[in-house]
Amino acid sequence: MLIHPEEILETIHMIKAENFDIRTVTMGINLRDCCHSDIDVLNKNIYNKITGYAKELVRTTEEVQNLYGIPITNKRIAVTPIAIVAESCDTEDYVSIAKTLDRAADDVGIDFIGGFSALVHKGMTPGDLKLINSIPQALANTKKVCSSVNVATTKAGINMDAVAMMGNIVKKTAEATKDADGIGCAKLVIFANAPEDNPFMAGAFHGIGEPDCVINVGVSGPGVVNSTVRELKDPDLGEISEAIKKTAFKITRMGEMVGREVSRRLNVDFGVLDLSLAPTPEIGDSVAAILEAMGLETCGTHGTTAALALLNDAVKKGGSMASSYVGGLSGAFIPVSEDAGMIRAVELGALSLEKLEAMTSVCSVGLDMIAIPGDTSAATISAIIADEMAIGMINKKTTAVRLIPAPGKKVGDSVEFGGLLGRAPVMKVSEFSSEEFIARGGRIPAPIQALTN
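Numbering-wise, the sequence shown is residues 1 to 453 according to my numbering.
Have a look at this one:
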């Protein structure tokens with residue numbers, strides 16, 4: 001890949017002044033060959049496979065970071081969904097497997113490991129049920145393990161039995177980690193149309209169609225895009241879109257350069273580049289700030305969904321011109337706790353749960369890192385999940401829910417997680433019941449647009 005001197009100077013400026021970084025280099029590892037009926041043998045196989053492939057991941061990533069001078073914030077691993085790997089294992093729960101993943105992650109020095117996951121959009125196997133029921137204790141007893149459950153697809157519809165179950169699991173996970181404001185829920189995401197090559201946590205897992213080992217990269221860059229938009233002189237919206245496309249192109253080229261070099265040095269496949277703009281709690285490094293730079297007084301006011309649609313589309317168009325291997329989620333994240341502008345909008349009363357739901361129809365993922373009152377019922381949580389799954393199913397896109405029913409907290413309080421997870425103001429949920437609807441169970445059938453074969 002040919003990099004011109006002007007691009008190098010631009011990159012240096014983006015790093016120093018605009019919080020540009022490579023958010024994550026994520027190694028995907030296939031664990032299907034680790035299967036065994038004996039839980040002890042299974043755990044040994046998993047540990048050996050992960051540490052064998054990933055023993056040089058952190059060192060190599062840091063060498064590439066130093067070579068190019070581009071910060072790489074997180075080093076992560078995604079594994080084959082554990083519900084698949086452990087299906088034949090003779091054990092009552094999978095908590096010990098989560099502990100093995102955590103130990104392996106700690107020993108190779110990575111930040112997070114994803115894949116304590118199940119895919120249940122059309123039904124649940126005994127292994128899926130064991131994994132789902134293990135989630136609260138698995139996340140309470142580990143630091144680096146992340147969990148995800150896919151409960152809906154455009155092709156299959158929505159598994160409402162799984163949705164109902166996940167409302168209870170979210171509540172139990174919050175309770176199991178109540179001493180840390182329910183932080184376990186920050187490591188648990190419920191998906192519709194989950195991508196199998198996503199490098200971002202908490203939803204990363206290594207899909208069935210992937211090679212034995214692969215490197216996927218997630219870029220960042222809201223601060224860079226924000227700066228670009230604010231430097232324009234009285235632009236119209238078409239000119240803003242063009243400027244964002246050009247910026248996304250530059251960010252993507254840097255990410256692909258890093259990913260290919262890490263892959264080459266580790267002698268594993270290069271997978272995809274995820275274009276998603278991933279904010280941080282740093283001032284200016286915010287998706288909300290970009291929307292406000294377009295002319296909104298604050299994120300959440302009327303026009304916010306349209307502005308976000310413009311941003312998401314421009315990022316995808318610019319990024320797809322810079323790489324032939326775009327994948328994952330790719331667009332713009334709107335996690336409340338991880339975005340200083342979103343936090344401010346919530347505290348001003350400009351951004352509600354309902355407005356966030358509308359915004360998820362055009363963004364990369366969904367209701368992300370949102371704290372709600374600790375006494376919110378499991379049925380209400382399930383209903384929020386169901387609404388978000390419907391948006392993903394009907395629009396043929398990935399949507400997700402990462403809710404934190406903060407134990408002992410009420411609207412107006414906040415929870416502090418620190419680091420990239422940031423601070424979440426507790427948001428209001430509807431006071432009216434969805435319990436009867438959720439209790440009906442069954443499947444919401446796939447929409448007519450699923451018939452594309």
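No residue lacks a Cβ here, since even glycine has one placed at the ideal position from N, Cα and C.
When you compare the CB positions of residue i and residue j, do they come within less than 8 Å of one another, or not?
i: G327; j: D197; result: yes
i: V163; j: I385; result: yes
i: T380; j: S330; result: no
i: V346; j: I290; result: no
i: S263; j: A202; result: no
i: T305; j: M359; result: yes
i: P281; j: G441; result: no
i: I39; j: S96; result: yes
i: N48; j: E210; result: no
i: R402; j: D368; result: yes
i: A383; j: I448; result: no
i: A371; j: K409; result: yes
i: A248; j: V315; result: yes
i: D111; j: R76; result: yes
i: A140; j: A83; result: no
i: T154; j: A340; result: no
i: L131; j: Y94; result: yes
Could you have a look at residue i and say whether DSSP puts it in helix, strand or coil?
i: D234; result: coil
i: A424; result: strand
i: I70; result: coil
i: A278; result: coil
i: K250; result: helix
i: R402; result: strand
i: K44; result: helix
i: P447; result: coil
i: K172; result: helix
i: I110; result: coil
i: S320; result: helix
i: N395; result: helix
i: L103; result: The sequence shown places Arg at residue 103, rather than the Leu named in the question. Residue state, collapsed to three classes: helix.
i: D269; result: strand
i: C213; result: strand
i: C146; result: strand
i: T376; result: coil
i: A383; result: helix
i: D368; result: strand
i: V262; result: helix
Suppose you measure from the CA of residue i to the CA of residue j; what does that come to, to the nearest Å?
i: R23; j: G109; result: 16 Å
i: K246; j: G318; result: 6 Å
i: E357; j: I391; result: 9 Å
i: S377; j: K171; result: 8 Å
i: V426; j: V415; result: 7 Å
i: K44; j: G259; result: 29 Å
i: R443; j: E436; result: 15 Å
i: I394; j: K122; result: 16 Å
i: K428; j: V411; result: 6 Å
i: L237; j: A192; result: 31 Å
i: H36; j: T399; result: 33 Å
i: C299; j: E56; result: 42 Å
i: L266; j: G303; result: 46 Å
i: L308; j: P407; result: 32 Å
i: H206; j: T80; result: 5 Å
i: I46; j: P126; result: 20 Å
i: A446; j: D387; result: 14 Å
i: A86; j: L42; result: 8 Å
i: N150; j: I158; result: 10 Å
i: I343; j: T100; result: 35 Å
i: T51; j: A105; result: 8 Å
Use the C-beta contact count for residue i: other C-beta atoms within 10 angstroms, 16 or more gives buried, fewer gives exposed.
i: E292; result: buried
i: K16; result: No answer about K16 holds up, because its pLDDT of 48 lies below 50 and its placement is not dependable.
i: E338; result: buried
i: I190; result: buried
i: K250; result: buried
i: L277; result: buried
i: S323; result: buried
i: T452; result: exposed
i: V145; result: buried
i: F417; result: buried
i: G255; result: buried
i: F432; result: exposed
i: G28; result: buried
Please confirm if the stretch 24-32 is in contact with the stretch 69-79, defined as three or more CB-CB distances below 8 Å between the two stretches.
yes
Taking contact to mean 3 or more Cβ pairs, one atom from each stretch, closer than 8 Å, check whether the stretch 134-152 and the stretch 172-190 are in contact.
yes
Three or more C-beta pairs under 8 Å: does that hold for the stretch 282-292 against the stretch 210-224?
yes
Assess, as a yes-or-no matter, whether the stretch 209-216 is touched by the stretch 263-275 under the definition of 3 or more beta carbon pairs within less than 8 Å.
yes
Please confirm if the stretch 179-189 is in contact with the stretch 53-69, defined as three or more CB-CB distances below 8 Å between the two stretches.
Counting Cβ pairs under 8 Å, fewer than three are found: no touch.
Would you call the stretch 364-373 and the stretch 331-341 touching, i.e. three or more CB-CB distances under 8 Å?
Yes, since at least three Cβ pairs between the stretch 364-373 and the stretch 331-341 fall closer than 8 Å, the two stretches touch.
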